[in-house]
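Novice: Starting off with a structure, shown below.
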Amino acid sequence: MATLAHATPTVLQDFAAVLPRLQPPQRAELVRHAERWSAWDDAERQAFRGRAAQWDALAPAERGRRRERFRAWQALPAIEQARVRAAARQFAQLPAEQQQVLRARFDALDRSERRGWLLGPELGADYPALQPLLAQMPADEHAGVLAALRAMDPRQRRDLAVLVQRTPPQERAELRRELLSTATANRDDWLWERLHR
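To convert, count from 1 in the sequence shown and add 71; that's the working numbering.
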């Protein structure tokens with residue numbers, strides 16, 4: 072307890088009784104944030120307060136959308152983040168009229184397909200065909216299925232999409248389990264066997 076109190080930034084001393092009861096990851100995150108806050112000067116703290124006030128002024132639904140986009144961004148591999156940044160730079164250089172046309176095309180997509188692009192440029196492009204596999208997926212399967220899809224090449228994802236379309240909805244959970252239990256090196260054989268049943 073004394074060690075924790077000694078390592079705790081002064082900004083958290085009002086929470087000294089609560090900190091030991093937090094789970095270690097949450098406690099470490101809170102301490103990191105407090106250390107960052109303590110390192111800021113008054114201007115940085117005031118700027119943060121302004122951003123926090125802007126955030127608080129947003130409607131709850133908009134805050135939810137932004138949280139979802141942020142989590143999706145954090146889940147993207149670094150190479151896909153780089154591709155998204157490059158695309159954003161290209162988009163920013165387009166004339167305003169062309170930007171409006173592209174925004175209108177994106178807004179015209181089905182909501183599900185728009186959300187599919189949160190998976191990044193690779194999986195976002197394949198999302199419409201893979202959506203039935205991903206729909207109503209239990210949260211505990213989400214990370215594993217996305218990792219498996221990211222490990223697949225475009226041809227494998229196209230084959231999987233054909234398989235998904237052929238699989239009745241009540242059997243898609245089993246298809247996900249098979250996908251997850253098949254080693255990366257064996258996916259071609261698994262896909263071929265499943266497609267030719």
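The beta-carbon is built from N, C-alpha and C at its ideal position, and this holds for glycine as well. Given the structure is predicted, the values throughout are model-derived calculations rather than measurements.
Is R185 closer than 8 Å to L234 when the C-beta atoms are compared?
Specialist: No, Cβ-Cβ distance for L234 and R185 is not below 8 Å.
Novice: I'd like the list of long-range same chain contacts for L189, defined as Cβ closer than 6 Å, with 5 residues on each side in sequence excluded.
Specialist: Hits under 6 Å: A143.
Novice: Could you check if E100 is buried or exposed, using at least 16 other CB atoms within 10 Å of its CB as the buried criterion?
Specialist: Exposed, since its Cβ has fewer than 16 Cβ neighbours within 10 Å.
Novice: Sorted by chain position, which residues of the same chain lie with C-beta nearer than 8 Å to A116's C-beta, five sequence neighbours on each side aside?
Specialist: Note on residue identity: the sequence assigns Arg, not Ala, to residue 116. So the list reads W108, once near-sequence residues are dropped.
Novice: Assuming R226 contacts E193 under a Cβ cut-off of 8 Å, what Cβ separation, rounded to an integer in Å, is found between them?
Specialist: That pair is no contact at about 13 Å.
Novice: Quick check on L251: buried or exposed, where buried means 16 or more other Cβ atoms within 10 Å of its Cβ?
Specialist: Exposed, because fewer than 16 other Cβ atoms sit within 10 Å of the Cβ of L251.
Novice: Rounded to the nearest angstrom, what separates H77 and L93 at their Cα positions?
Specialist: At H77 the pLDDT is 44, less than 50, meaning the model places this residue with poor confidence; the figure from the coordinates comes in the next sentence. Distance between the alpha carbons of H77 and L93 is about 17 Å.
Novice: Under the rule that 16 or more other beta-carbon atoms within 10 Å means buried, what is A219, buried or exposed?
Specialist: Answer is buried; the Cβ neighbour count reaches 16.
Novice: With a CB to CB cut of under 8 Å and the five nearest residues on each side skipped, what residues in its chain are close to T81?
Specialist: Counting only Cβ-Cβ distances below 8 Å, and skipping sequence neighbours, we find S109.
Novice: Taking the beta carbon of F230 as the centre, do at least 16 other beta carbons fall within 10 Å, making it buried, or is it exposed?
Specialist: Correcting the residue identity first, residue 230 is Asp in this sequence and not Phe. D230 is buried by the Cβ-count criterion.
Novice: Here's the rule: buried if 16 or more other CB atoms are within 10 angstroms of the residue's CB, otherwise exposed. What is G191?
Specialist: Burial call: buried.
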